[in-house]
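Using numbering that gives the first Met the number 0, the letters of the sequence shown correspond one by one to residues 0 to 313. The C-beta atom is built at its ideal place from N, Cα and C for all residues, glycine as well. If you're wondering where the values come from, they're calculated on a predicted model, not measured in any experiment. Working notes, beginning with the structure itself.
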Amino acid sequence: MVNSTFNKAINFIYRNARPLDIARWQYHFENGSREAVLTALAAYQNEDGGFGHALEPDAWNPHSAPIQTWVAMEILREIGFTDSSHPIMQGILTYLASGQEFAGKYWFNTISSNKHFPHASWWHNESEDSGNDNYNPTAYLAGFIIRFADKDSDLFKLGQRIAKEAFDAYMASDFTHVADGLLGDMHIALCYVRLLEYTEEADVANIFDVSELKAKLRKQVKHSITQNTAEWETGYICKPSQFFNSCDSIFYADNKEIADYECEYIIKTQFDDGSWNIPWGWADYSEEWAVTKNWWKGNGSILNMLYLKGMGKL
Numbered sequence: 000m001v002n003s004t005f006n007k008a009i010n011f012i013y014r015n016a017r018p019l020d021i022a023r024w025q026y027h028f029e030n031g032s033r034e035a036v037l038t039a040l041a042a043y044q045n046e047d048g049g050f051g052h053a054l055e056p057d058a059w060n061p062h063s064a065p066i067q068t069w070v071a072m073e074i075l076r077e078i079g080f081t082d083s084s085h086p087i088m089q090g091i092l093t094y095l096a097s098g099q100e101f102a103g104k105y106w107f108n109t110i111s112s113n114k115h116f117p118h119a120s121w122w123h124n125e126s127e128d129s130g131n132d133n134y135n136p137t138a139y140l141a142g143f144i145i146r147f148a149d150k151d152s153d154l155f156k157l158g159q160r161i162a163k164e165a166f167d168a169y170m171a172s173d174f175t176h177v178a179d180g181l182l183g184d185m186h187i188a189l190c191y192v193r194l195l196e197y198t199e200e201a202d203v204a205n206i207f208d209v210s211e212l213k214a215k216l217r218k219q220v221k222h223s224i225t226q227n228t229a230e231w232e233t234g235y236i237c238k239p240s241q242f243f244n245s246c247d248s249i250f251y252a253d254n255k256e257i258a259d260y261e262c263e264y265i266i267k268t269q270f271d272d273g274s275w276n277i278p279w280g281w282a283d284y285s286e287e288w289a290v291t292k293n294w295w296k297g298n299g300s301i302l303n304m305l306y307l308k309g310m311g312k313l
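Dropping the structure here:
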């Protein structure tokens, strides 16, 4: 059954996916090269070092944006790329140090120029003064800086400050309160997971209490996962794969039963064409959404197969 799932996913990828996602697929499952992924990823990077051009498929803005740059970071992390001297990495650090789309405390979640290009409604912003007051993706970007910036640089000091502020805000908040704009969101929670991981990998001391962050995140991850699996079929919900894709994760033991169930769910919900449902859509730009939906399906196929692989099913 898993082999059939995998083979159908292969066909969907080669028929529909972006060159970048084909390179990612080949790297993970066909002994493809990391360099091919980097070459394809570099096409989305601008001269200022940030990323645009619909790398995050729901915003077709070509200009650099923190969220688009976050997606590039996730891909670099996915392929285990940690060479901070590489031009892509240096470009990202330059972008983060430039102060663009940064207001002293947060990097902007949405940028106003999105409105001039096809986009999903949640990336629409008339002004950077609104909707940019939470730690998505700021906590993540601070972690990236701590992991990869020169320890003697002003950028590293900035990353330290932002990380400590993000930690303090997190520890003072109640993630069980749905209305809490800081923590009632699985995307923000993932940013804190990455902040934890990057900080541990950087092996730097005295920024914040790593053990405290880890303990609270373990509770939040368990709380955030949608336990009613009947809702998985129709809603925009939170599955274990939002936070981890390996039995080795610190979050696996607390969520073993539902994490194992996600493997079954992936297998049983695959469409005949090899893809999976995308549980969101755009209100406008129907032609562009049709293209974007296929891009998301290609990405989803990769992530689903990586989940099955990490759970020992492939």
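Can you name the residues that DSSP bridges to residue i?
i, result
"residue 141", "DSSP lists no partner for residue 141."
"residue 118", "58"
"residue 101", "106"
"residue 50", "44"
Run the CB neighbour count on residue i, radius 10 Å, all protein chains shown included, and call it buried at 16 or more, exposed below.
i, result
"residue 178", "Residue placement at residue 178 is flagged as unreliable, the pLDDT there being 44, under the threshold of 50; the coordinate-derived value follows with that caveat. With fewer than 16 other Cβ atoms within 10 Å, it is exposed."
"residue 71", "buried"
"residue 306", "buried"
"residue 160", "exposed"
"residue 311", "exposed"
"residue 239", "buried"
"residue 227", "exposed"
"residue 180", "Any answer about residue 180 is weak, because its pLDDT of 41 lies below 50 and its placement is not dependable; what the coordinates show is given next. Looking at its Cβ environment, which holds fewer than 16 other Cβ atoms inside 10 Å, residue 180 is exposed."
"residue 14", "exposed"
"residue 368", "Residue 368 falls outside the range modelled here, since the chain spans only 0 to 313, and no answer is possible."
"residue 4", "buried"
"residue 300", "buried"
"residue 6", "exposed"
"residue 117", "buried"
"residue 237", "buried"
"residue 139", "buried"
"residue 246", "exposed"
"residue 314", "Residue 314 cannot be examined here, being either before or after the span of the chain that is shown, 0 to 313."
"residue 10", "exposed"
"residue 291", "buried"
"residue 29", "exposed"
Out of the options, point me to the one whose CA is closest to residue i's CA.
i, options, result
"residue 34", "234, 80, 205 and 0", "80"
"residue 58", "114, 82, 45 and 22", "114"
"residue 94", "224, 154, 61 and 118", "154"
"residue 314", "151, 171 and 244", "For residue 314 there is no data in the structure shown, the boundaries of the chain being 0 and 313."
"residue 122", "133, 187 and 110", "110"
"residue 43", "26, 28 and 19", "19"
"residue 196", "216, 186, 252 and 184", "216"
"residue 49", "1, 86, 90 and 262", "90"
"residue 249", "218, 262, 21 and 83", "218"
"residue 112", "126, 119 and 104", "126"
"residue 2", "296, 290, 266 and 186", "266"
"residue 40", "47, 75, 29 and 46", "75"
For the ligand NAD, is there any heavy atom lying closer than 7 Å to the beta carbon of residue i?
i, result
"residue 189", "Absent from the structure shown: the ligand NAD. Ligands present: none."
Report task. Output the residue ranges of the beta strand (DSSP E) runs that lie fully inside the stretch 233-295 and measure 3 residues or longer, sorted by chain position. Result -> none
Report task. Taking 8 Å as the threshold, find out whether the stretch 20-35 comes into contact with the stretch 259-278 through three or more Cβ pairs. Result -> no
**Report entry** the stretch 98-108 in contact with the stretch 48-65 per 3-pair CB rule at 8 Å
**Finding:** yes
Report task. Output the residue ranges of the alpha helix (DSSP H) runs that lie fully inside the stretch 203-230 and measure 4 residues or longer, sorted by chain position. Result -> 209-223
Query raised in the report: Does the stretch 243-258 touch the stretch 284-296, meaning 3 or more C-beta pairs lie closer than 8 Å?
Result: no
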